[in-house]
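Visitor:
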Amino acid sequence: MRIDIITVVPDLLKSPFEASILKRAIEKGMVEIHLHNLRDYTTSSYNQIDDYQYGGGAGMVMMVEPIDKCISKLKSERTYDEVIYLTPDGDVLNQGMANSLSLQGNMIMLCGHYKGVDQRVRDMFITKEISIGDYVLSGGELAAAVLCDSIIRLIPGVLGNETSALTDAFQDNLLSPPIYTRPAEYKGHEVPKILLSGHQRKIDDWRDEKALQRTKDRRPDLLED
Ligand code: ADE
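Sequential numbering of the sequence shown, starting at 7, is according to my numbering.
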């Protein structure tokens, strides 16, 4: 998988890929991340990428031409399965979307800034619009980093057995049950006896029950479908 990220602040997107699981996935050759500075695709002498809104109103709008030039250049070099625009008015990211995107080949992610992009960018190039939640960030970069993380960790072979994504919260629309490690007792707080019992069937049943209870208490909406 190859992910090309178009941004006006490439520095914001460096460190997420320089540590831990994402770094390892890149080193293992399972994913390639390429950052593109939109300012490299401007035509004006002072590298303009945004302009005032037609019709008036506060806030600048990212212009169609630099984005067109960047996306068209990328598309002339290889094929892409998705061109994703990170925006607070997109479909809200969930585990199901991350699962299906992890099966895709190449994708472009476009990070918005200011008021967002000219609507014609969305009409002409974008195949999916994704939000990471109902709040507004300064730009789409951190949202793109979140989206990349949620996708890349699901690529087969990226996670070892000890961190298998199959047991993640949300994989079966349930939150995770409580988890414990040593010591078995800490300042009077004990690990539930069942987890020390060695009865795997009973342990699995206990975990299922706790996961269901936690989901009912905290996220009943997940059980509605
Ligand atoms: N850009 C600004 N806010 C965002 C959000 N919540 N999700 C995705 N992109 C964004």
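Every residue, glycine too, gets a C-beta built ideally from N, C-alpha and C. Source: prediction; values computed, not measured.
#1: Which runs of the alpha helix (DSSP H) fall wholly inside the region 48 to 128 and span at least 4 residues, in chain order?
#2: Tell me which residue opens and which closes the alpha helix (DSSP H) that D17 is part of.
#3: Inspect the beta-carbon positions of C117 and E147 and report whether they are closer than 8 Å.
#4: Quick one: what does DSSP say S137 is sitting in, helix, strand or coil?
#5: Tell me whether S137 counts as near the ligand ADE, meaning its Cβ is closer than 7 Å to at least one heavy atom of that ligand.
#6: Looking at the ligand ADE, does it come within less than 7 Å of T93, judged from the CB to the closest heavy atom?
#7: Within the continuous beta strand (DSSP E) that includes L41, where are the two ends?
#8: Contact defined as beta carbons within less than 8 Å: I believe D56 pairs with M68. What is the distance between those atoms, to the nearest angstrom?
#9: Alpha carbons only, please: which of L202, C76, L107 and S203 is nearest the one belonging to L153?
#10: Apply the 10 Å Cβ neighbour rule to Y186 and answer buried if 16 or more other Cβ atoms are within range, or exposed otherwise.
#11: Excluding the 5 residues preceding and the 5 following I27 in the sequence, name in chain order all residues of the same chain whose CB lies nearer than 6 Å to its CB.
#12: May I have the straight-line CA-CA distance separating Y141 from G96, to the nearest angstrom?
#13: Between Y141 and the ligand ADE, is the CB less than 7 Å from at least one heavy atom?
Guide: According to the structure shown:
#1: 70 to 83 and 101 to 107
#2: Per DSSP, D17 belongs to no alpha helix (DSSP H) and is neither H nor E.
#3: yes
#4: strand
#5: yes
#6: yes
#7: That run of the beta strand (DSSP E) goes E38 to N43.
#8: 5 Å
#9: L107
#10: With fewer than 16 other Cβ atoms inside 10 Å of its own Cβ, Y186 counts as exposed.
#11: R159
#12: 12 Å
#13: yes
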